[in-house]
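First comes the structure, then the notes that go with it.
There are 2 protein chains.
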Amino acid sequence: MMNTWIVNIGNELLNGHTVNTNAAYLSEQLHKLGFDVSKIVCIKDKPEDITNILNEATHQCSLIIISGGLGPTLDDLTRKSLSEFFHRPLIFHEDLWNEIQQKFSFRKMKAPEINKVQAYMPQSAMIFKNTIGTAAGFAIIDKQCCTISLPGVPFELKHIFEQEVKPFLRAYFKQLNPLQVNTLLFSLITESELAEKLSAFEEELSKHNVKTAFLPQPGLIKVKFYQQHNSEEVELVNKIKQFAKTYLSDFLIFDEDVSLPEILHNMMITKNDSLCTAESCTGGYLANQIISTPGSSKYFKGSIIAYSNEIKQNILQVPAELIKQHGAVSRQVVECMARNALNILNADIAIATSGIAGPDGATESKPVGTTWIAIARKKYMWAEQFIFGNDRFSNIQRTSNTALAKLILLLNNKAL
Amino acid sequence: MMNTWIVNIGNELLNGHTVNTNAAYLSEQLHKLGFDVSKIVCIKDKPEDITNILNEATHQCSLIIISGGLGPTLDDLTRKSLSEFFHRPLIFHEDLWNEIQQKFSFRKMKAPEINKVQAYMPQSAMIFKNTIGTAAGFAIIDKQCCTISLPGVPFELKHIFEQEVKPFLRAYFKQLNPLQVNTLLFSLITESELAEKLSAFEEELSKHNVKTAFLPQPGLIKVKFYQQHNSEEVELVNKIKQFAKTYLSDFLIFDEDVSLPEILHNMMITKNDSLCTAESCTGGYLANQIISTPGSSKYFKGSIIAYSNEIKQNILQVPAELIKQHGAVSRQVVECMARNALNILNADIAIATSGIAGPDGATESKPVGTTWIAIARKKYMWAEQFIFGNDRFSNIQRTSNTALAKLILLLNNKAL
Chain A
702 MMNTWIVNIG
712 NELLNGHTVN
722 TNAAYLSEQL
732 HKLGFDVSKI
742 VCIKDKPEDI
752 TNILNEATHQ
762 CSLIIISGGL
772 GPTLDDLTRK
782 SLSEFFHRPL
792 IFHEDLWNEI
802 QQKFSFRKMK
812 APEINKVQAY
822 MPQSAMIFKN
832 TIGTAAGFAI
842 IDKQCCTISL
852 PGVPFELKHI
862 FEQEVKPFLR
872 AYFKQLNPLQ
882 VNTLLFSLIT
892 ESELAEKLSA
902 FEEELSKHNV
912 KTAFLPQPGL
922 IKVKFYQQHN
932 SEEVELVNKI
942 KQFAKTYLSD
952 FLIFDEDVSL
962 PEILHNMMIT
972 KNDSLCTAES
982 CTGGYLANQI
992 ISTPGSSKYF
1002 KGSIIAYSNE
1012 IKQNILQVPA
1022 ELIKQHGAVS
1032 RQVVECMARN
1042 ALNILNADIA
1052 IATSGIAGPD
1062 GATESKPVGT
1072 TWIAIARKKY
1082 MWAEQFIFGN
1092 DRFSNIQRTS
1102 NTALAKLILL
1112 LNNKAL
Chain B
702 MMNTWIVNIG
712 NELLNGHTVN
722 TNAAYLSEQL
732 HKLGFDVSKI
742 VCIKDKPEDI
752 TNILNEATHQ
762 CSLIIISGGL
772 GPTLDDLTRK
782 SLSEFFHRPL
792 IFHEDLWNEI
802 QQKFSFRKMK
812 APEINKVQAY
822 MPQSAMIFKN
832 TIGTAAGFAI
842 IDKQCCTISL
852 PGVPFELKHI
862 FEQEVKPFLR
872 AYFKQLNPLQ
882 VNTLLFSLIT
892 ESELAEKLSA
902 FEEELSKHNV
912 KTAFLPQPGL
922 IKVKFYQQHN
932 SEEVELVNKI
942 KQFAKTYLSD
952 FLIFDEDVSL
962 PEILHNMMIT
972 KNDSLCTAES
982 CTGGYLANQI
992 ISTPGSSKYF
1002 KGSIIAYSNE
1012 IKQNILQVPA
1022 ELIKQHGAVS
1032 RQVVECMARN
1042 ALNILNADIA
1052 IATSGIAGPD
1062 GATESKPVGT
1072 TWIAIARKKY
1082 MWAEQFIFGN
1092 DRFSNIQRTS
1102 NTALAKLILL
1112 LNNKAL
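First to last, the sequence lines map onto chains A and B. Take 702 as the starting number for the first sequence in this note's numbering and just add one per residue. Take 702 as the starting number for the second sequence in this note's numbering and just add one per residue.
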């Protein structure tokens, strides 16, 4: 595999002002394309540091991807440093300058003179146009290495990488052997139980050199299989998929890497059902996940967030007696919340949550993390208790993801 | 300043499975303590790569902080690699092993034999106990450099750094000159307007070598001032704080780096008022921000998320006529939502939001990003229109942060 380094340039990465999400994005993309990212280095906007790292990297790598330092201001030094390192003078590109000016005039502004520097590119560089910003990227092929420089603004970097760099890399590195990635999404099962259930395939996976990664998230486990485009390996992964669909259908949410709200969105649009939530412990997190998908207003009617018992009683019409008898975190109350939400919010399906997110609120019989989730339809009710962990935010996420996952499973299995 | 490298070890950082939040945390902490982090390097769990980077780093740094590779499994190689690099054999520590066993027995489990490796430490290393996990950290002082190794699990790393490493660094590097960081939080003003208003101080700031950073977030701008403990610099920053409090009181939310929900939390607890929300475009995000602070149930009653007009009419009792005449995204509707929420949810203060988060829903006169926010009390109403941007999630965040910021300002200025 092709040895690759990622170099992120910017003072903001070295004083903690910015989390380096570019590195995570680039390394995932490069890994899938078949490159072996062996090092990620963050350095300051200092010509000396840039030169030193280029010197090291060009001796060891086939590919170097640099992000940052292509802005118009004085502290953006990547363009100049690369030009000097590779002895390629910066050449003015009239067409790039025209495009920069157009971007400003579109916003009824005159392009500042300082932006002109972004139209200068190292001689014979391959240029990657930036249709959503003013900093174009470029590649220099020299010293037996391909060095690519991209802007540091994450959405511009992603855009250029997707549109321009990926096709270039595929064409230039013909001997690449891209990894095929298959993802299975599971929920309502622990990581160790799932590993146990998939353990029968361990030997075959290692024999065929298919790498497996278990990636647990709150209330969700992604299992990724990385393989070459080799028929035996493809067949093995398909066999595991089939096994999961047949024998793990109570836990398998989806067989692609798609977010829970998106999976649910597509199901709700197809089924033409409407949805609402009645939330206590999740306090709006669940509703907010549902509306994260554009177009969710087609099926999502709204929520009642009954954070206090008063709202549970007055708006969700949960009898005070029921709360007194069983506590707000109980099967009886969460079922009543879901059932009443159906009527009050006039929806086909309702999800209700009630739990002790922590750190306060625990009782002898109900530790922090105790959570009830209910899903109701007119003639259907599902409710279950979960004991999550000690961390407040992670309990909220787990409750919400578990509720979405269970709803997807119920719809999948035509129980709802 | 002390030259420092951060070295993050773990395959998951090089294939994009994990975003390197440890680097951002450590670099921010080290920067504040007065260290100069000049490089952050991520490498795989490979002894050869670990040795190479130690070789480079010990020649250039006063301090190296390593994260990752201290787990109990075969691919955790940091402990062994450091032991070999510094020629310090691994010594068994009975007390560490006892503590590991206690952690398991607390969970009614027997400590697996593989965890025993975590009780072995390089000879003469300074040990940093891990009270919340099984991987202790350690420091080796050798080759004119202090090398610190910490576990990679973010909350364990933070815990050990805060409890053990910080006091150690302060004691060991006596000549440190920690930076004093002052933060001012602004909202309801653009970054360029704010920069303009603070521009009178530019010359003095640069003369006294006080570094300023503008850190914009959706609906919020953090301005940070970094200075030494020098009386003239401290005086200058205090002067700017005083200026902001006097002349920018419509925009200055707080003079410390605290989250908006926490600032509001402390005000609500003091004032003994209750709060509710009526949300359309924010779809629960605002409520969820409010309940992110533990103990928020003391004042937060709940919400009605009226994502559909039907809920606005049926539950929030917004007259259909009003929606028909002015549209759901209008002053009239958002004021009505806030006013009615006060009664329906029986709270002292209500926040209401209604906007076009996008990408759909725009009209000729109301582009994507058009948002109304209202804040109501029994005899008080504030409402204002904002035109945010094109990105759905960022519009939701901006609406929510702007609403919280405005509520804090109103409470601050005793308008509410």
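Glycine residues also receive a C-beta, built at the ideal position from the N, C-alpha and C atoms. Here the structure is a predicted model, which is why all the values come from computation and not from measurement.
Strand pairing of residue i, partner residues [DSSP]
i                      : result
residue 709 (chain A)  : A:743 and A:768
residue 1086 (chain B) : B:1073
residue 980 (chain A)  : A:1006 and A:1054
residue 1132 (chain B) : With chain B represented from 702 up to 1117, any question about residue 1132 (chain B) goes unanswered, as that position is not in the structure.
First and last residue of the uninterrupted alpha helix (DSSP H) at residue i
i                      : result
residue 962 (chain B)  : 961-972
residue 822 (chain A)  : Note, residue 822 (chain A): premise wrong, no alpha helix (DSSP H); beta strand (DSSP E) at 821-823.
residue 779 (chain B)  : 779-786
residue 846 (chain B)  : Not the alpha helix (DSSP H): residue 846 (chain B) falls in the beta strand (DSSP E), residues 846-851.
residue 1042 (chain B) : 1032-1045
residue 925 (chain A)  : Residue 925 (chain A) -> not in any alpha helix (DSSP H); beta strand (DSSP E) instead, spanning 921-928.
residue 858 (chain A)  : 855-861
residue 890 (chain A)  : Neither: residue 890 (chain A) is in no alpha helix (DSSP H) and is coded neither H nor E.
residue 991 (chain B)  : 986-991
residue 829 (chain B)  : Element bounds for residue 829 (chain B): not the alpha helix (DSSP H) but the beta strand (DSSP E), 827-829.
8 Å Cβ cutoff, residue i in contact with chain B
i                      : result
residue 1001 (chain A) : yes
residue 932 (chain A)  : no
residue 1011 (chain A) : yes
residue 714 (chain A)  : yes
residue 1091 (chain A) : no
residue 718 (chain A)  : yes
residue 1008 (chain A) : yes
Endpoints, the beta strand (DSSP E) within which residue i is located
i                     : result
residue 881 (chain B) : 881-887
residue 843 (chain A) : 838-843
residue 644 (chain A) : Any property of residue 644 (chain A) remains undetermined from this structure, which presents chain A solely from 702 to 1117.
residue 869 (chain A) : Taken as a continuous stretch (DSSP letters only), residue 869 (chain A) belongs to no beta strand (DSSP E), being part of the alpha helix (DSSP H) at 867-873.
Contact with chain A by residue i, beta-carbon distance below 8 Å
i                      : result
residue 729 (chain B)  : yes
residue 1118 (chain B) : This structure leaves residue 1118 (chain B) out entirely; chain B is present only between 702 and 1117.
residue 1005 (chain B) : yes
residue 794 (chain B)  : no
residue 762 (chain B)  : no
residue 1037 (chain B) : no
residue 860 (chain B)  : no
residue 722 (chain B)  : yes
residue 883 (chain B)  : no
residue 995 (chain B)  : yes
residue 704 (chain B)  : no
residue 815 (chain B)  : no
residue 998 (chain B)  : yes
residue 805 (chain B)  : no
residue 944 (chain B)  : no
Residue i Cβ short of 7 Å to the ligand PLP heavy atom set
i                     : result
residue 825 (chain B) : By its list of ligands, the structure shown contains no ligand whatsoever, and the ligand PLP lies outside what it can speak to.
- request: Could you list the residues in the stretch 1045-1072 of chain A with a C-beta less than 9 Å from some C-beta on chain B, going in chain order?
  value: 1045, 1046, 1047, 1058, 1059, 1060, 1061 and 1062
| request: Please confirm if the stretch 720-730 of chain B is in contact with the stretch 849-868 of chain B, defined as three or more CB-CB distances below 8 Å between the two stretches. | output: yes
- Message: Along the stretch 725-750 of chain A, where does the CB come closer than 9 Å to a CB of chain B? Name the residues.
- Response: 725, 726, 727, 728, 729, 730, 731, 732, 733, 737, 738, 739, 740, 741, 742, 743, 744, 745, 747 and 750
query: At a cut of 8 Å, does the stretch 816-824 of chain B reach the stretch 773-786 of chain B through at least three beta carbon pairs?
result: yes
For this session: Determine which residues of the stretch 904-917 of chain B have a Cβ less than 9 Å from any Cβ of chain A, and write them out in chain order.
Result: 914 and 916
Does the count of Cβ pairs from the stretch 735-750 of chain B and the stretch 1094-1106 of chain A closer than 8 Å reach three? no
Count the CB pairs spanning the stretch 708-717 of chain B and the stretch 736-745 of chain B that are closer than 8 Å, and state whether there are at least three. yes
Are there three or more Cβ pairs, one per stretch, closer than 8 Å when the stretch 1106-1115 of chain A is compared with the stretch 984-997 of chain A? no
Inset, instruction - Could you run through the stretch 770-796 of chain A and flag, in chain order, every residue whose CB is less than 8 Å away from some CB of chain C? - result: You won't find chain C in this structure, because its protein chains are A and B.
Given 8 Å as the limit, is there contact between the stretch 993-1011 of chain A and the stretch 1081-1100 of chain A, that is, 3 or more CB pairs closer than that? no
Below 9 Å between beta carbons is the criterion; list the residues of the stretch 828-855 of chain A that meet it against any residue of chain B, in chain order.
none
Residues, ordered as in the chain, of the stretch 1079-1090 of chain A that lie near chain B by beta-carbon distance below 9 Å:
none
Open item on the list: Residues of the stretch 978-992 of chain B in Cβ contact with chain A at a cutoff of 9 Å, in chain order, please.
Closed with: 978, 980, 981, 982, 983, 984, 985, 986, 987, 988, 989, 990, 991 and 992
Inspect the CB distances between the stretch 766-780 of chain B and the stretch 836-856 of chain B and report whether three or more fall short of 8 Å.
yes
**Item:** Contact the stretch 888-898 of chain A vs the stretch 807-823 of chain A: 3+ CB pairs below 8 Å
**Value:** no
Note to self: Residues of the stretch 884-901 of chain A in Cβ contact with chain B at a cutoff of 8 Å, in chain order, please.
What the structure shows: none
Tell me which residues of the stretch 1090-1112 of chain A have at least one Cβ-Cβ distance to chain B shorter than 9 Å, keeping chain order.
1092, 1093, 1094 and 1097
Under 8 Å, with one C-beta from each stretch per pair, do the stretch 1035-1054 of chain A and the stretch 1035-1048 of chain B reach the 3-pair mark?
no
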